[in-house]
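Just so you know, we're using the working numbering here: the sequence shown kicks off at 21 and counts up by one.
So the structure is just underneath, and the comments pick up after that.
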Amino acid sequence: MSGPFLRLQRINVEGFGALRDVSVEPGPGLTVLHGANEAGKSTLFNFVKGVLFGYGRRGSPGRFAPAVGAMGGSLAVLSHHGRYTIGRHVRRKHDELQVLNGVMALEPESRLNTLLGGLEPAHFSQYFAFDLEALQAAADLYSGDRMYEGLLGAVVPGAAALPGALATLSTSAGEIFAPTARKKPLNEALEELQEVQAELRGLAGRVAEYAKTEGRAAELRQAIPALREAQASARALAARAQQRLAARPLVERLLAARAQLSRLPAV
Numbered sequence: 021m022s023g024p025f026l027r028l029q030r031i032n033v034e035g036f037g038a039l040r041d042v043s044v045e046p047g048p049g050l051t052v053l054h055g056a057n058e059a060g061k062s063t064l065f066n067f068v069k070g071v072l073f074g075y076g077r078r079g080s081p082g083r084f085a086p087a088v089g090a091m092g093g094s095l096a097v098l099s100h101h102g103r104y105t106i107g108r109h110v111r112r113k114h115d116e117l118q119v120l121n122g123v124m125a126l127e128p129e130s131r132l133n134t135l136l137g138g139l140e141p142a143h144f145s146q147y148f149a150f151d152l153e154a155l156q157a158a159a160d161l162y163s164g165d166r167m168y169e170g171l172l173g174a175v176v177p178g179a180a181a182l183p184g185a186l187a188t189l190s191t192s193a194g195e196i197f198a199p200t201a202r203k204k205p206l207n208e209a210l211e212e213l214q215e216v217q218a219e220l221r222g223l224a225g226r227v228a229e230y231a232k233t234e235g236r237a238a239e240l241r242q243a244i245p246a247l248r249e250a251q252a253s254a255r256a257l258a259a260r261a262q263q264r265l266a267a268r269p270l271v272e273r274l275l276a277a278r279a280q281l282s283r284l285p286a287v
């Protein structure tokens, strides 16, 4: 068996309605429970629902409180997550849920919702736990694809919106491909697509120009350190030249004095 599934392997009734210490093991494939009226078929049916979703309020007709003894029991199930035992007992006037895994270790109560795939009690009653009257009502309400959509919405989380989505798609398809439409939405969409593509082509040229400019800017940023070093060298050279220019008159006077000394007679 592939994909998500949940199979009931054993029903243990400790006390529920007229049933006490009853154990039922459904066989492989389809299991049919039959018996005379008041034999307990409906009671067993409501017990399974009660363990999964709660026994209902005290005093309500659907609670099936036993006349004597404790109320509760368990279900042994097999799912794609593994084997589990789901127990629900009434203690201190309240339902107590217990979920045990395959090694009988206690799991959080949220594990039950995971095993049920988020299935709500109303959907369970509508699609998996219905009587003859509910079956006839479903047949009158649903037909063909609508029945399939309803079942899919019940067993697949998030698929409840599928019928509405399909109806919207059907309406949109009719508008797009309507043979009498003067200007089909598909043609309008194609025209808009062509306009957007033209804008993108124009933007592509700008992007290329920007990339070229950015590349030149990167080259200039890389050249800045060398330019700063050259600028510093030029400033140092200019400073030395300035110093030489400032000392030039003194040098000229020194050279003139030496020339005069050289012309004097030796003593």
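Using N, Cα and C, we set each Cβ at its ideal position, and we do this for glycine too.
### Query
Could you give the C-beta distance for residue 71 and residue 106, rounded to a whole number, given that I count them as a contact under 8 Å?
The distance from the Cβ of residue 71 to that of residue 106 is about 6 Å, consistent with a contact at the 8 Å cut-off.
### Query
So, residue 35 versus residue 89, is the Cβ gap smaller than 8 Å?
yes
#### Entry: Runs of beta strand (DSSP E) wholly within the stretch 103–142 (minimum 3 residues, chain order)
114–120
### Message
Between residue 29 and residue 96, how many whole angstroms is the CB-CB distance? I'm expecting something under 8 Å.
### Response
5 Å
### Task
Would you grab the beta carbon distance between residue 42 and residue 75 for me? Rounded to a whole angstrom, and I think it's under 8 Å.
The Cβ separation is near 16 Å, so there is no contact.
### Task
Kindly identify the DSSP beta-bridge partner or partners of residue 30.
96
### Query
Can you tell which of 135, 238, 120 has the C-alpha that lies nearest to the C-alpha of residue 99?
135
### Query
When DSSP builds the beta bridges, which residues end up paired with residue 36?
39
### Query
What's the gap between the Cα of residue 243 and the Cα of residue 252?
Their Cα atoms are separated by approximately 15 Å.
### Query
Does the separation of the CB atoms of residue 122 and residue 103 fall below 8 Å?
yes
### Query
DSSP on residue 44, reduced to helix/strand/coil?
strand
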